Amino acid sequence: MTKPCCVPKCKTGYKSVKLKCSVFKALTNVERRKKWQAAIPGIKQLSSSQYVCEKHFDKQYIHRKYVKQDASGKIIAEVSFIHPRLHESAIPSIFDSMRKLK
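Residue numbers (full-length UniProt numbering): 1 to 102.
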């Protein structure tokens with residue numbers, strides 16, 4: 001079972017939700033975690049043991065494969081990650097489930 005998403009009203013990670021979705025652990029870096037905390041509406045405190053699901057990140061920040069290119073830009077290797085990875089500058093910004101709270 002995946003970990004539940006800490007974003008209010010998001011049901012990712014609960015047994016009742018069958019759709020598989022990747023989750024990302026809140027950052028241990030205090031400065032960056034504060035940015036996540038400020039970005040998530042309705043959350044007062046975000047601890048490093050909580051998770052945010054991929055639904056709350058722009059797709060450009062979620063890396064699902066490693067791509068190696070040569071000097072000319074030609075792809076010479078491509079490997080899919082077992083677990084997607086989040087770009088270090090990613091901040092949660094999509095909160096469709098929060099519209100009803102406003």
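Note that the Cβ used here is the ideal one computed from N, Cα and C, for glycine as well.
These numbers were taken from a predicted model, which means no experiment stands behind them.
Report the rounded CA-to-CA distance for residue i versus residue j, giving the unit in angstroms.
i	j	result
K68	A90	22 Å
G42	K15	23 Å
A38	L19	27 Å
S47	I94	20 Å
T2	I82	14 Å
V7	R64	22 Å
E54	S22	6 Å
Give me the DSSP bridge partner(s) of residue i.
i	result
L19	L19 is not bridged to any residue.
C53	V23
A77	K68
Would you give the residue range spanned by the beta strand (DSSP E) that residue i belongs to?
i	result
Q60	That residue, Q60, is in no beta strand (DSSP E); it is neither H nor E in DSSP.
Closest to residue i by C-alpha separation, out of the options, would be which residue?
i	options	result
V17	F24, P4, P8 and T28	P4
D58	D70, L86, E78 and F81	L86
Which first and last residues belong to the alpha helix (DSSP H) in which residue i is found?
i	result
Q45	That residue, Q45, is in no alpha helix (DSSP H); it is neither H nor E in DSSP.
K34	V30 to A39
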